[in-house]
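For what it's worth, the numbering used here labels the leading residue of the sequence shown as -19, then goes sequentially.
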Amino acid sequence: MGFFDHLQKKGSVTIQPQRTQIRKVESKPAAKPPARVPSVSSTKNTNSNINGVADSQSRVRPVKRSRESSRTLPASRDQTPSRSSTPLSRRSKSVVRKRPSPIQRLSSSDDDSDSDASLSAHKRVKASVSAEPDLERRIRSSEAFSEDGETEFAMVHAVDITLGSKHEEFKSVFVEETEKPATIGIRYPGAPQPEQYQIVAPRDKNEFRPLDDIAQVMDIVSQNYIPESERHIFDDERDGLKRRYKLAVAHASLSELQKTVADYNKTLDRLRGDGQIAKHLDSMHALSLPLVERILTQIYSRTVSPRVDSLKQYENGTDNVYGELLPRFISDIFKQTRLKSGQVFVDLGSGVGNVVLQAALEIGCESWGCEMMQNACDLAELQQKEFTSRCRLWGIAAGEVHLIKGDFLKDENIPKILSRADVVLINNQAFTPQLNNELINHFLDMKEGCQIVSLKSFVPAGHKIQSRNLNSPVNLLSVKRRNYWSGSVSWTDVGGTYFIATKDSSRLKAFSEGLLKE
């Protein structure tokens, strides 16, 4: 159940309790994806499993969307998030593959004149683009580490997912030690308020898995919050906390698991209390992508996944369905555009708000989204609320998040926002020519240097400034074509292209000055 199914390696093995022996948990290599995906199938996961723990999430059939919205709507997602999605051809009735952050892979749209004839050359996974450090970025949330951070706040606990589900969806794990499923609290690096987990396992392996979620939290904490001098407490191969937790699950021993979690919580209490975690965060100027993905996935699985059926109501007489641009692709876009914490990001057609939240979290910038579909807006509001709580739990200072419900062509606030924007994301894959042309007029409101990222170029191939098209807004754009790689989008494992257009009036100015001299 989750929009982040793509965040895991295909074929990863989950932790499963065993009663008679200890079994080594291994990760199987992912199968090589086909060069072309002619029909709906499962999405390739892009996030490595954590110490053999697989993140699982259920999927639903893709959602039909109006062509007037660029945001793709995530299917369901389990415990493991971006977001922008692109329209895809109608998929079959078959169920989409169940993910480990729910993403569906759909067949590519035939209406893609800007794509390379052969995308198989982009099947390899490209390493993330290196980014300049943002020395102005403040990672630590002062609120989370203040006295006010000690007070309780509203949040959706993992136990709410399992208790709120149908009774037959989950089963007790350690039945010989307790008559009913046990509940334990897990500490986070920020606010001391623990998250409550019910120790159960899903009957369907693709549903939310509390034991795996706990293991991933412990792993992410050890990698991103613990000073080097203390990391052996987590990582020691013989008696480290992560090793002990895996053995407790393998032994199906509730007492071992409870003791390990208690020791983990005490360790975090100590490191937080003596200021080591705060000091470590203060030394950082960027968040790792696995940490970003973990937080976004938790938010999605606790808000969108339980209500994902509402997203299937988007049928407006169109044959298009939508996929998603995945978090790693979005992260590369942030690096390509050199987005910084002091800047403004805008997502036109923001769906349930995935990309908007990622920009605020990963970059720390002011982040805006605009979506017109009511169901998506309702879920985006839930995500935004949980986003605030999760940032407090993890002790992270995120950028401001603003979500607008309305048509970005008509909302009176959009021109004002775009005039301040530094990076604008527009998933225009499914846009009609008329909608694209109307949107181009908004470029006139953007400041010099603003970058517009799109799946299809707003500037026609071979376009040149001439006297007869002197008044066209596209003359203000300087466009670069980029490749995205395998594991970047939800509807295929094959790569493709996208475009970064920069508002640059210098060419038009030079051409106009040349006319005056003639």
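Glycine included, every Cβ here is placed at the ideal spot set by N, Cα and C.
Same chain only: Cβ atoms within 6 Å of residue i, ignoring 5 sequence neighbours per side
i: residue 450; result: none
i: residue 118; result: 377
i: residue 323; result: 345 and 402
i: residue 261; result: 119 and 120
i: residue 434; result: 406, 408 and 479
i: residue 141; result: 188
i: residue 524; result: This structure gives no information on residue 524, because the portion of the chain shown stretches from -19 to 498.
i: residue 492; result: none
i: residue 349; result: 327, 330, 333, 336 and 383
i: residue 487; result: none
i: residue 256; result: 207
Neighbourhood of residue i by C-beta, 7 Å cutoff - its chain only, sequence neighbours within 5 removed
i: residue 258; result: 120 and 125
i: residue 489; result: none
i: residue 418; result: 389
i: residue 397; result: 326 and 348
i: residue 190; result: 138, 142, 177, 178, 179 and 180
8 Å Cβ cutoff, residue i in contact with chain B
i: residue 262; result: Absent from the structure is chain B; it holds one protein chain and no more.
Residue i in three-state terms, based on DSSP
i: residue 218; result: coil
i: residue 180; result: strand
i: residue 167; result: coil
i: residue 284; result: coil
i: residue 247; result: helix
i: residue 210; result: helix
i: residue 334; result: helix
i: residue 328; result: strand
i: residue 225; result: helix
i: residue 322; result: coil
i: residue 142; result: helix
i: residue 196; result: helix
i: residue 451; result: coil
i: residue 240; result: helix
i: residue 469; result: strand
i: residue 268; result: coil
i: residue 463; result: strand
i: residue 351; result: strand
i: residue 442; result: coil
i: residue 257; result: helix
i: residue 119; result: coil
i: residue 291; result: helix
i: residue 476; result: strand
i: residue 134; result: coil
i: residue 201; result: helix
i: residue 278; result: helix
For residue j and residue i, the rounded distance between their alpha carbons
i: residue 329; j: residue 412; result: 14 Å
i: residue 85; j: residue 304; result: Residue placement at residue 85 is poorly supported in this model, since its pLDDT is 29, which falls under 50; the coordinates still yield a value, given next. So the alpha carbons of these two residues sit roughly 9 Å apart.
i: residue 399; j: residue 391; result: 14 Å
i: residue 389; j: residue 160; result: 54 Å
i: residue 336; j: residue 343; result: 11 Å
i: residue 333; j: residue 275; result: 14 Å
i: residue 212; j: residue 219; result: 9 Å
i: residue 116; j: residue 122; result: 15 Å
i: residue 371; j: residue 278; result: 11 Å
i: residue 387; j: residue 360; result: 16 Å
i: residue 162; j: residue 207; result: 32 Å
i: residue 146; j: residue 182; result: 11 Å
i: residue 235; j: residue 289; result: 38 Å
i: residue 395; j: residue 481; result: 18 Å
i: residue 428; j: residue 205; result: 39 Å
i: residue 273; j: residue 198; result: 14 Å
i: residue 446; j: residue 439; result: 14 Å
i: residue 232; j: residue 265; result: 40 Å
Whether residue i touches residue j by CB criterion (8 Å)
i: residue 138; j: residue 193; result: yes
i: residue 404; j: residue 340; result: no
i: residue 222; j: residue 202; result: yes
i: residue 177; j: residue 373; result: no
i: residue 365; j: residue 423; result: no
i: residue 437; j: residue 456; result: no
i: residue 112; j: residue 308; result: no
i: residue 173; j: residue 132; result: yes
i: residue 291; j: residue 355; result: yes
i: residue 136; j: residue 283; result: yes
i: residue 175; j: residue 165; result: yes
i: residue 271; j: residue 468; result: no
i: residue 462; j: residue 316; result: yes
i: residue 420; j: residue 454; result: yes
i: residue 228; j: residue 247; result: no
Residues near residue i in its chain [Cβ-Cβ closer than 8 Å; skip 5 each side]
i: residue 357; result: 351, 383 and 385
Ignoring anything shorter than 4 residues or poking outside the stretch 369 to 420, list the alpha helix (DSSP H) runs there in chain order.
-> 394 to 398 and 413 to 420
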